[in-house]
Amino acid sequence: MTAEIRVLSGARTGLVIRLTGPVLVGRAADAGLRFDPERERQVSSRHAVIGSDENGGWVRDEGSRNGTFVNGRRVTEARLRHGDRLRFGGEGPEIEFLEVRPVGETAAVATETGPAVARSASLESQNLRLRRAVLLLTLLLLGSTLLWMWAANRRRAGWAGERALLLARIDSVLAAGDSAVRERAGETEELAVALRESRSEVARVGRALENAAGTDSTGIQSLRRELQSAMARLARQQLAASFDYAAVERRVRRGVAVVWVENGDGDVVTGTAFAVRPDATLITARHILQDAGGAIRPRRIAVQFSDSDQVWRARLIASSADADIAILKVDDIAGDVVSLPPFNERPDTLGPGTPVAWIGFPLGGETWPQDERTGRIARPLGSVGVITAVGDDAIEVQGYGAAGASGSPILDRDGRIVGILYGGRRESSGQVVFVVPAAGAARLLESQR
4 MTAEIRVLSG
14 ARTGLVIRLT
24 GPVLVGRAAD
34 AGLRFDPERE
44 RQVSSRHAVI
54 GSDENGGWVR
64 DEGSRNGTFV
74 NGRRVTEARL
84 RHGDRLRFGG
94 EGPEIEFLEV
104 RPVGETAAVA
114 TETGPAVARS
124 ASLESQNLRL
134 RRAVLLLTLL
144 LLGSTLLWMW
154 AANRRRAGWA
164 GERALLLARI
174 DSVLAAGDSA
184 VRERAGETEE
194 LAVALRESRS
204 EVARVGRALE
214 NAAGTDSTGI
224 QSLRRELQSA
234 MARLARQQLA
244 ASFDYAAVER
254 RVRRGVAVVW
264 VENGDGDVVT
274 GTAFAVRPDA
284 TLITARHILQ
294 DAGGAIRPRR
304 IAVQFSDSDQ
314 VWRARLIASS
324 ADADIAILKV
334 DDIAGDVVSL
344 PPFNERPDTL
354 GPGTPVAWIG
364 FPLGGETWPQ
374 DERTGRIARP
384 LGSVGVITAV
394 GDDAIEVQGY
404 GAAGASGSPI
414 LDRDGRIVGI
424 LYGGRRESSG
434 QVVFVVPAAG
444 AARLLESQR
């Protein structure tokens, strides 16, 4: 099969590469698709390999630091189809995989069959078929016109009742939106803003529907689609607004910590970790422990719990081979630490539309703490959202408000851990974040007993 890849974003935007063999993607000098080694740090030196065979395309992650994603799903190896989009790192550059049809394939068929058709009919039989076709087309046009007139009359007769039902539904949704805005104002202001915007959009479409003529089917269908989209968006935001974030935050806040990692290449990165056992065993995202080459070689690790200025040295206990999860341990804390509630591993409670929250340190900075006390109290940020998709190895969440940080716990209404945040992308109405399901962390912890 002939295939090619096209770069959609980043410094190499517009570049097209024909796949005549496997192509290495990365920042290394020998990469066939080489991204900018200074500006595109989401891409590892040897990030992934892309190729094609008789069955289609394929991609293999080469142990990258920030992961390889196919249509938003993180993969280790995957088959590729025409139009699939690949991203290198959660916010890295994106490419498109394209299958290429050999030039002249269609034309060859046409050339072969054309003479056979020409030899099978005389000029007289061709004229007869043409007259029959014109007659049939005339009858079809007449029937279509009559059918359109009949349908238009029916639409006109039924539009008044349908419009009344739609407007009543809009009034009910707007009232619920008002209540949600009042509840969230001052608590999660970004969500309150999103609610007000969605409410205004529903009201605008409602006014347009009220003034729409019943016979303008194209315009009415367009307004119906707009209304459906706006009401679905408002419904998701209302679900998020129903989450009692303050109560969950009070329960888990002191078990959440900012984590610093100085990797083998000397870079310092930060993320979030959270305690899962009173003996200061913590969970975080594995990729913050990886250097630019994808190796896990932390020189030193430190954590600072919420509402404290004390910095503790930590060590790596274990990391998962197939999920973005790692376990840390602080050895010299006297007494127990606050640990989060148990994992929620029940998939029947985590379907699309389930409200969740997260808490963490997206603004941790990249400077290693020089003393045992920073002189600055650690203050976490948090937000709410709803689950939009659930897979075996990833959960997608539409969030509203503060950005998450890698390693942040994702929590249900009871404060139980749904998963661990490992990446995301910006959206016009908030943020989409990607989450490792809690079952992976539970298995890794159990393996260390």
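Note that my numbering has the sequence shown beginning at 4, numbered continuously upward.
The C-beta atom is built at its ideal place from N, Cα and C for all residues, glycine as well.
On the CB-based measure, 16 or more other CB atoms within 10 Å of its CB, does residue i come out buried or exposed?
{"i": "Glu449", "result": "exposed"}
{"i": "Leu149", "result": "exposed"}
{"i": "Glu43", "result": "buried"}
{"i": "Ser411", "result": "buried"}
{"i": "Ile420", "result": "buried"}
{"i": "Asn347", "result": "buried"}
{"i": "Pro440", "result": "buried"}
{"i": "Met234", "result": "buried"}
{"i": "Asn69", "result": "buried"}
{"i": "Ile8", "result": "buried"}
{"i": "Val279", "result": "buried"}
{"i": "Gln451", "result": "exposed"}
{"i": "Pro281", "result": "exposed"}
{"i": "Val306", "result": "buried"}
{"i": "Ala14", "result": "exposed"}
{"i": "Val137", "result": "exposed"}
{"i": "Gln231", "result": "exposed"}
{"i": "Ser55", "result": "buried"}
{"i": "Asp33", "result": "exposed"}
{"i": "Gly274", "result": "buried"}
{"i": "Thr71", "result": "buried"}
Given a cut-off of 8 Å on the beta-carbon distance, is the pair residue i and residue j in contact?
{"i": "Arg289", "j": "Ser322", "result": "yes"}
{"i": "Val272", "j": "Ile299", "result": "no"}
{"i": "Val262", "j": "Ala283", "result": "no"}
{"i": "Phe308", "j": "Ala360", "result": "no"}
{"i": "Val400", "j": "Val438", "result": "yes"}
{"i": "Pro344", "j": "Ile362", "result": "no"}
{"i": "Ile328", "j": "Leu414", "result": "no"}
{"i": "Arg376", "j": "Asp294", "result": "no"}
{"i": "Arg82", "j": "Gly59", "result": "yes"}
{"i": "Arg30", "j": "Pro40", "result": "yes"}
{"i": "Leu242", "j": "Pro355", "result": "no"}
{"i": "Pro365", "j": "Ala408", "result": "yes"}
{"i": "Ile286", "j": "Ile390", "result": "no"}
{"i": "Val340", "j": "Gly258", "result": "yes"}
{"i": "Leu89", "j": "Val62", "result": "yes"}
{"i": "Ile336", "j": "Ile320", "result": "no"}
{"i": "Ser215", "j": "Gly222", "result": "Checking the displayed sequence, the identity of residue 215 turns out to be Ala instead of Ser. Yes."}
{"i": "Asp64", "j": "Asn74", "result": "no"}
Could you say which of the options lies nearest to residue i if we only look at CA atoms?
{"i": "Ala206", "options": "Ala195, Gly222, Leu226", "result": "Leu226"}
{"i": "Val46", "options": "Ile304, Val62, Gly93", "result": "Gly93"}
{"i": "Glu97", "options": "Asp56, Val52, Arg257, Leu11", "result": "Leu11"}
{"i": "Val52", "options": "Ile390, Gly35, Thr352, Phe364", "result": "Gly35"}
{"i": "Ile398", "options": "Ala408, Gln313, Val436, Asp374", "result": "Val436"}
{"i": "Val103", "options": "Arg84, Leu89, Ile362", "result": "Arg84"}
{"i": "Leu198", "options": "Ala408, Tyr403, Gly422", "result": "Tyr403"}
{"i": "Trp371", "options": "Ala31, Ala244, Gly222, Glu265", "result": "Glu265"}
{"i": "Gly417", "options": "Leu353, Trp61, Gly297", "result": "In the sequence under discussion, the amino acid at residue 417 is Asp, which differs from the Gly named in the question. Of Leu353, Trp61, Gly297, the residue nearest in Cα terms is Leu353."}
{"i": "Gly443", "options": "Gly426, Arg428, Gly427, Asp395", "result": "Asp395"}
{"i": "Arg303", "options": "Ala337, Gly267, Ala326, Asp334", "result": "Gly267"}
{"i": "Ser67", "options": "Gly297, Leu331, Val251", "result": "Gly297"}
{"i": "Glu252", "options": "Gly385, Pro25, Gly426, Ala317", "result": "Gly385"}
{"i": "Glu99", "options": "Ala195, Glu57, Ala6", "result": "Ala6"}
Sort out for me which residues DSSP pairs residue i with in a bridge.
{"i": "Thr275", "result": "Val261"}
{"i": "Gln313", "result": "Arg376"}
{"i": "Leu384", "result": "Gly363"}
{"i": "Ser322", "result": "Ala329"}
{"i": "Phe100", "result": "Ile8"}
{"i": "Phe299", "result": "Here residue 299 turns out to be Ile, not Phe, going by the sequence shown. Beta-bridge pairing links Ile299 to Gln293."}
{"i": "Glu399", "result": "Ala392, Phe437"}
{"i": "Pro358", "result": "Val389"}
{"i": "Phe308", "result": "Ala260"}
{"i": "Arg428", "result": "Val435"}
Quick one: give me the first and last residue of the alpha helix (DSSP H) that residue i is part of.
{"i": "Leu452", "result": "Residue identity check: residue 452 is Arg in the sequence provided, not Leu. Arg452 -> no alpha helix (DSSP H), and no H or E assigned at all."}
{"i": "Arg253", "result": "248 to 255"}
Along the chain, where does the beta strand (DSSP E) containing residue i start, and where does it finish?
{"i": "Arg76", "result": "76 to 78"}
{"i": "Thr23", "result": "First-last for Thr23: undefined, no H or E at that position."}
{"i": "Val436", "result": "433 to 440"}
{"i": "Pro412", "result": "412 to 414"}
{"i": "Phe346", "result": "Unbroken run through Phe346: none, as it is neither H nor E."}
{"i": "Arg88", "result": "88 to 91"}
{"i": "Val62", "result": "59 to 64"}
{"i": "Thr16", "result": "Taken as a continuous stretch (DSSP letters only), Thr16 belongs to no beta strand (DSSP E), as it is neither H nor E."}
{"i": "Ser55", "result": "51 to 56"}
{"i": "Leu285", "result": "284 to 287"}
{"i": "Val73", "result": "71 to 73"}
Nearer than 7 Å: is that true of the beta carbon of residue i relative to any heavy atom of the ligand MN?
{"i": "Ala295", "result": "Absence of the ligand MN from the depicted structure is noted, as is the absence of any ligand whatsoever, leaving it without description."}
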